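Numbering (UniProt numbering), first residue to last: 1 to 213.
Backbone N, C-alpha and C fix where the C-beta goes; we use that ideal spot for every residue, glycine too.
Computed from a predicted model, the values in this text were never measured in an experiment.
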Amino acid sequence: MVSTIELNKRQEHILQIVKERGPITGEHIADELHLTRATLRPDLAILTMAGYLEARPRVGYFYTGKTGAQLLTDKIRKIQVKEYQSLPVLVNENVSVYDAICTMFLEDVGTLFVIDQNASLVGVLSRKDLLRASIGKQELTSIPVHIIMTRMPNITYCTREDLLIDVAKVLIDKQIDAVPVVKDSDEGFEVVGRITKTNVTKLLVALANDEII
Numbered sequence: 001m002v003s004t005i006e007l008n009k010r011q012e013h014i015l016q017i018v019k020e021r022g023p024i025t026g027e028h029i030a031d032e033l034h035l036t037r038a039t040l041r042p043d044l045a046i047l048t049m050a051g052y053l054e055a056r057p058r059v060g061y062f063y064t065g066k067t068g069a070q071l072l073t074d075k076i077r078k079i080q081v082k083e084y085q086s087l088p089v090l091v092n093e094n095v096s097v098y099d100a101i102c103t104m105f106l107e108d109v110g111t112l113f114v115i116d117q118n119a120s121l122v123g124v125l126s127r128k129d130l131l132r133a134s135i136g137k138q139e140l141t142s143i144p145v146h147i148i149m150t151r152m153p154n155i156t157y158c159t160r161e162d163l164l165i166d167v168a169k170v171l172i173d174k175q176i177d178a179v180p181v182v183k184d185s186d187e188g189f190e191v192v193g194r195i196t197k198t199n200v201t202k203l204l205v206a207l208a209n210d211e212i213i
């Protein structure tokens with residue numbers, strides 16, 4: 001867990017020294033503050049890990065010039081899908097629309113990912129798809145979901161290594177509730193997770209609590 005930190009007075013003083021005199025060694029900073037190098041070491045480590053300072057061997061400490069907000073933005077832009085993805089809910093392409101509706105209700109999700117006999121992604125079912133199929137006098141137990149699903153290659157997907165902020169933009173731009181997280185397999189794409197608006201909301205809550213998980 002990485003938290004945004006609130007600097008104490010000594011850490012603020014260290015930043016000011018480095019801003020004005022950097023690059024500067026830890027020994028010289030310690031002399032300025034009339035402290036031992038050992039006493040100062042934890043503060044320098046915190047400021048470096050947080051991104052306020054950069055340390056270069058045999059040169060000293062540099063001020064990065066970034067504000068707390070900029071550092072937080074940098075962290076957000078580095079968060080990968082795998083850090084927030086949740087488990088996918090899958091259905092076979094041959095199950096009935098009725099069974100898919102039951103699965104969506106029981107699993108309390110807004111999107112189902114459809115797989116074939118090789119467990120490869122072949123489609124996506126949204127609430128709208130199932131609602132549309134329910135309108136009319138059709139027998140829902142006799143209609144397979146592959147008739148109504150969105151098929152490849154019209155499916156938006158991502159990988160575990162993609163940036164979460166990029167996937168969040170896709171959710172907004174395409175006005176969809178979820179994106180499958182996939183990995184390559186011999187048969188196609190294996191679904192290994194999902195990113196939903198709820199996952200993105202969890203990130204927002206983490207930010208509000210001053211932490212990025």
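- prompt: What is the residue span of the beta strand (DSSP E) that residue 126 lies within?
  reply: Per DSSP, residue 126 belongs to the beta strand (DSSP E) from 121–126.
task: Would you mind working out which of 179, 54, 9, 45 sits nearest residue 126, comparing C-alpha positions?
output: Nearest of 179, 54, 9, 45 to residue 126, Cα basis: 179.
Inside the region 99–185 only - beta strand (DSSP E) runs reaching at least 3 residues: Taken in chain order, the complete beta strand (DSSP E) segments of 3 or more residues contained in the region 99–185 are 111–115, 121–126, 178–185.
query: Is the Cβ-Cβ distance between residue 98 and residue 140 less than 8 Å?
result: yes
query: Is the region 40–51 in contact with the region 77–84, if contact means three or more CB pairs nearer than 8 Å?
result: The region 40–51 is not in contact with the region 77–84.
- prompt: With a Cβ-Cβ cutoff of 8 Å, do residue 113 and residue 106 count as a contact?
  reply: The Cβ atoms of residue 113 and residue 106 lie no closer than 8 Å to each other.
task: For the region 24–91, list the alpha helix (DSSP H) runs that are entirely contained and at least 4 residues long, ordered along the chain.
output: As far as the region 24–91 is concerned, its whole alpha helix (DSSP H) runs of at least 4 residues are 26–33, 37–50, 68–76.
message: Using only the alpha-carbon positions, how far apart do residue 137 and residue 117 sit?
response: 30 Å
field: Environment of residue 85 [buried if 16+ CB atoms lie within 10 Å]
entry: buried
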